[in-house]
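Student: FYI, the numbering for the sequence shown is 1 to 372, going by full-length UniProt numbering.
C-beta: ideal position from N, C-alpha, C; glycine also.
Quick caveat, the model's predicted, so the values are computed rather than measured.
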Amino acid sequence: MEEDLVQGVLNLAIDIYKQVQSDDGNVVFSPFSISAALSMILAGTRGDTFKQITSALHIKTEDVHESFSKLQKSLLNSTYDITLRVANRIYADKSVKLLSAYSTLLEKRYSATLKSADFAHNAECVRQMINAWVEKTTEGKIQDLLAPGVIDLSTLLVLVNAVYFKGTWQEPFEKCETTLMDFHETSSASKKVDMMSQKGRFRMGHSRRLKASTLRKSYSGGKSSMVILLPDDVEGLKFLEENLTVDNLSSALRDARTVNDVEFYLPKFKVERDMDLKAVLQSLGIKDLFLDTADLSGITEQKNVSFTDAVHKAFADVNEEGTEAAAASAFAMARCGMPSKPSIFKVDHPFMFLIVAGDPDVVLFIGSVRRL
1 MEEDLVQGVL
11 NLAIDIYKQV
21 QSDDGNVVFS
31 PFSISAALSM
41 ILAGTRGDTF
51 KQITSALHIK
61 TEDVHESFSK
71 LQKSLLNSTY
81 DITLRVANRI
91 YADKSVKLLS
101 AYSTLLEKRY
111 SATLKSADFA
121 HNAECVRQMI
131 NAWVEKTTEG
141 KIQDLLAPGV
151 IDLSTLLVLV
161 NAVYFKGTWQ
171 EPFEKCETTL
181 MDFHETSSAS
191 KKVDMMSQKG
201 RFRMGHSRRL
211 KASTLRKSYS
221 GGKSSMVILL
231 PDDVEGLKFL
241 EENLTVDNLS
251 SALRDARTVN
261 DVEFYLPKFK
271 VERDMDLKAV
281 LQSLGIKDLF
291 LDTADLSGIT
301 EQKNVSFTDA
311 VHKAFADVNE
321 EGTEAAAASA
331 FAMARCGMPS
341 KPSIFKVDHP
351 FMFLIVAGDP
361 DVVLFIGSVR
371 RL
């Protein structure tokens, strides 16, 4: 079942990526974070609302919460050489009585903490409190997750999931080897960037279906890694995105196993992205959750309750020492009204990246870089 869940996270990663990809901007988000948040909501939904979420998550419903619990624990246990923090929290208005079965499940399976809040009288104060918790959990990388106005006096419940990752490379880049080099944003436009370089042995592969080469660079401990998908052509990222499927990406990840002696060049990069998760989820078929037809009878006995908003914010910083990445998701609920053996792997044009952990690979973060 855990492998089904891992595959479900990969499916969701691709579904969301297709919705948020941009021809001229960078992308980063955490499918693992979003999956965890949706799974927690799933525990309290019934009827069509339940069916829509299970469909979007690409999961079978049997023991999904136990599987998520095991997956989260195995990730935390297998990444002891890096920092991986997964935090879940529910803020419920004082007027809301959460069903005890729901509260117990969240605490037991997701290690979620439950906090009482006074949305009716201190909505802005609660918003700042939630943002402060997310900022602390993500070491200051995710700030102002909830914008002013997202929470108001009609808010009943806010579900927040935050993921923070910090990994040092198993073999760090030497800072003295970082030099200014060209990064070709298009075939006719380039800019000078700080390009890290390293000679070493790396697991590599090539996907003919994606027309891209793959290189995997491990973090300390060897249980997590960054995977770079570098299109064969300067403007090949568009082709890669158009042909991105679960089968193609799974094959690319699986085939990056051949160990080669490589001169590896990777630009230092920092990307962050705010996502209107509500619009994305609606486009993936999760519609009732945000309407007065939502069936949340597994969360509370109160009637006419639905989620009003869903937001996601992610950040990734890659440098000589390693990678720092963070993401947070929040749901607010209210009453309604390459060649196979290259000797040089130079990331000097738009590319895709994934941060994966565990065995099999769980996609913690996925993104693409078009502009530096």
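Should L180 go down as buried or exposed, given a rule of 16 or more other Cβ atoms within 10 Å for buried?
Tutor: Your numbering for residue 180 matches position 180 in the sequence shown. With fewer than 16 Cβ atoms within 10 Å of its Cβ, L180 is classed as exposed.
Student: Could you give the C-beta distance for S35 and L12, rounded to a whole number, given that I count them as a contact under 8 Å?
Tutor: Locating residue 35 in the sequence shown gives position 35, counting from the first residue. Locating residue 12 in the sequence shown gives position 12, counting from the first residue. S35 to L12, Cβ: 6 Å. Contact.
Student: As an exercise, report each continuous beta strand (DSSP E) stretch of at least 3 residues that is fully enclosed by the region 84 to 150, in chain order.
Tutor: Runs found: 113 to 117.
Student: For S197, which of N161, D15, S250 and P267 has the nearest alpha-carbon?
Tutor: Along the sequence shown, read from residue 1 onward, the residue named residue 197 stands at position 197. For the residues N161, D15, S250 and P267, the minimum Cα distance to S197 belongs to P267.
Student: Taking 8 Å as the threshold (C-beta atoms), are F29 and residue 376 in contact?
Tutor: Nothing in the structure corresponds to residue 376, since the chain is present only between 1 and 372.
Student: For S74, I'd like the list of residues in its chain whose CB is within less than 8 Å of its CB, leaving aside the five on either flank, ordered along the chain.
Tutor: By one-based count along the sequence shown, residue 74 stands at place 74. Cβ within range, chain order: E2 and G358.
Student: In the DSSP assignment, what are the bridge partners of N77?
Tutor: Translated into positions along the sequence shown, residue 77 becomes position 77. Bridge partners of N77: none, in fact.
Student: Tell me the DSSP secondary structure of E3 in three-state form.
Tutor: Along the sequence shown, read from residue 1 onward, the residue named residue 3 stands at position 3. If DSSP states are grouped into helix, strand and coil, E3 belongs with the helices.
Student: Whole angstroms are fine: how far does the CA of V163 sit from the CA of A212?
Tutor: If you number the sequence shown from 1, residue 212 lands on position 212. If you number the sequence shown from 1, residue 163 lands on position 163. Each residue's Cα considered, the two are about 29 Å apart.
Student: Taking only runs of the beta strand (DSSP E) that begin and end inside the region 219 to 247, which ones reach a length of at least 3 residues, in chain order?
Tutor: DSSP runs (the beta strand (DSSP E)) wholly in the region 219 to 247: 224 to 231.
Student: So, helix, strand or coil for V280, using DSSP?
Tutor: One-based indexing of the sequence shown puts residue 280 at position 280. Helix at V280.
Student: Using CA atoms only, rank isn't needed, just tell me which of D63, L253 and I90 is closest to M333.
Tutor: The sequence position of residue 333 within the sequence shown is 333, counting from 1. Among D63, L253 and I90, the Cα nearest to that of M333 is on I90.
Student: Check whether the Cβ atoms of N131 and L145 lie closer than 8 Å to each other.
Tutor: Numbered from its first residue, the sequence shown carries residue 131 at position 131. Numbered from its first residue, the sequence shown carries residue 145 at position 145. In this structure, L145 lies closer than 8 Å to N131 by Cβ.
Student: For H58, which beta-bridge partners are listed by DSSP?
Tutor: On the sequence shown, position 58 is the one that residue 58 refers to. BP columns for H58 are empty, so no partner.
Student: So the candidates are G167, R209 and L284; which of them puts its Cα closest to the Cα of A325?
Tutor: Here residue 325 corresponds to residue number 325 of the sequence shown, with the count starting at 1. A325 has its Cα closest to that of G167, out of G167, R209 and L284.
Student: Would you mind sorting L291 into buried or exposed? The rule is 16 or more other CB atoms within 10 Å of its CB.
Tutor: Taking the sequence shown and counting its residues from 1, one reaches residue 291 at position 291. Exposed: under 16 other Cβ atoms inside 10 Å.
Student: Do F345 and S368 have their C-beta atoms closer together than 8 Å?
Tutor: As a position in the sequence shown, residue 345 is number 345, starting the count at 1. As a position in the sequence shown, residue 368 is number 368, starting the count at 1. It is not a contact, given that the beta carbons lie outside the stated cut-off.
Student: Assess, as a yes-or-no matter, whether the region 286 to 306 is touched by the region 40 to 51 under the definition of 3 or more beta carbon pairs within less than 8 Å.
Tutor: As far as the Cβ criterion goes, the region 40 to 51 touches the region 286 to 306, which means the pair count is three or higher.
Student: Along the chain, where does the alpha helix (DSSP H) that runs through F32 open and close?
Tutor: The residue labelled residue 32 in the question sits at position 32 within the sequence shown. Taken as a continuous stretch (DSSP letters only), the alpha helix (DSSP H) holding F32 covers P31 to L42.
Student: Here's the rule: buried if 16 or more other CB atoms are within 10 angstroms of the residue's CB, otherwise exposed. What is E185?
Tutor: On the sequence shown, position 185 is the one that residue 185 refers to. Buried.
Student: Considering L372, what are the terminal residues of the beta strand (DSSP E) in which it resides?
Tutor: On the sequence shown, position 372 is the one that residue 372 refers to. Per DSSP, L372 belongs to no beta strand (DSSP E) and is neither H nor E.
Student: Quick check: the Cα distance between L159 and Q128, rounded to an integer number of angstroms?
Tutor: Position 159 of the sequence shown, counting from 1, holds the residue named residue 159. Position 128 of the sequence shown, counting from 1, holds the residue named residue 128. Going by the C-alpha atoms only, they are around 15 Å apart.
Student: Assign T113 to one of two classes, buried (16 or more other C-beta atoms within 10 Å of its C-beta) or exposed (fewer than that).
Tutor: The count along the sequence shown starts at 1 and reaches residue 113 at position 113. The residue in question, T113, is exposed, as its Cβ has fewer than 16 Cβ neighbours within 10 Å.
Student: Please report the residue range of the beta strand (DSSP E) in which H312 lies.
Tutor: Here residue 312 refers to the residue found at position 312 when the sequence shown is read from its first residue. Where H312 is concerned, the enclosing beta strand (DSSP E) stretches over V305 to V318.
Student: Quick one: any contact between the region 190 to 204 and the region 251 to 258, if contact means 3 or more CB pairs under 8 Å?
Tutor: Because the criterion of three Cβ pairs below 8 Å is met, the region 190 to 204 and the region 251 to 258 touch.
Student: Can you tell me whether DSSP reads V259 as helix, strand or coil?
Tutor: For the purposes of this step, residue 259 is identified with residue 259 of the sequence shown, where counting begins at 1. Of the three classes helix, strand and coil, the one that applies to V259 here is strand, per DSSP.
Student: Starting from F173, follow its DSSP beta bridges and name the residues at the other end.
Tutor: In the sequence shown, the residue the question calls residue 173 occupies position 173. Answer is none; F173 lacks a bridge partner.
Student: Does the count of Cβ pairs from the region 85 to 103 and the region 300 to 307 closer than 8 Å reach three?
Tutor: Yes: the two stretches touch, three or more of their Cβ pairs being nearer than 8 Å.
Student: Which residues does DSSP pair with I366 in a beta bridge?
Tutor: Within the sequence shown, residue 366 is the residue found at index 366, counting from 1. Bridge partners of I366: F29 and L354.
Student: Inspect the CB distances between the region 59 to 71 and the region 4 to 24 and report whether three or more fall short of 8 Å.
Tutor: Contact holds: three or more Cβ-Cβ distances are below 8 Å.
Student: To which residues of the same chain is E139 closer than 8 Å at the C-beta, ignoring the five residues directly before and after it?
Tutor: The residue labelled residue 139 in the question sits at position 139 within the sequence shown. Excluding sequence neighbours, E139 sits near Y164, K166, E324 and A326.
Student: Could you check where the beta strand (DSSP E) with A162 kicks off and where it finishes?
Tutor: In the sequence shown, residue 162 corresponds to position 162, counting from 1. That run of the beta strand (DSSP E) goes T155 to T168.
Student: Could you round the C-beta distance between L364 and A56 to whole angstroms and report it? I think they count as a contact, below 8 Å.
Tutor: On the sequence shown, position 364 is the one that residue 364 refers to. On the sequence shown, position 56 is the one that residue 56 refers to. Contact doesn't hold; Cβ gap of about 19 Å is too wide.
Student: Give the DSSP-derived three-state secondary structure of S187 in the structure shown.
Tutor: The residue given as residue 187 occupies position 187 in the sequence shown. Looking at S187 - three-state DSSP - the assignment turns out to be coil, as it is neither helix nor strand.
Student: So the beta strand (DSSP E) K346 belongs to, where does it begin and stop?
Tutor: Position 346 of the sequence shown, counted from the start, is the residue given in the question as residue 346. Its beta strand (DSSP E) spans residues I344 to K346.
Student: Return the CA-CA distance between residue 374 and K141, expressed in angstroms with no decimal places.
Tutor: Nothing in the structure corresponds to residue 374, since the chain is present only between 1 and 372.
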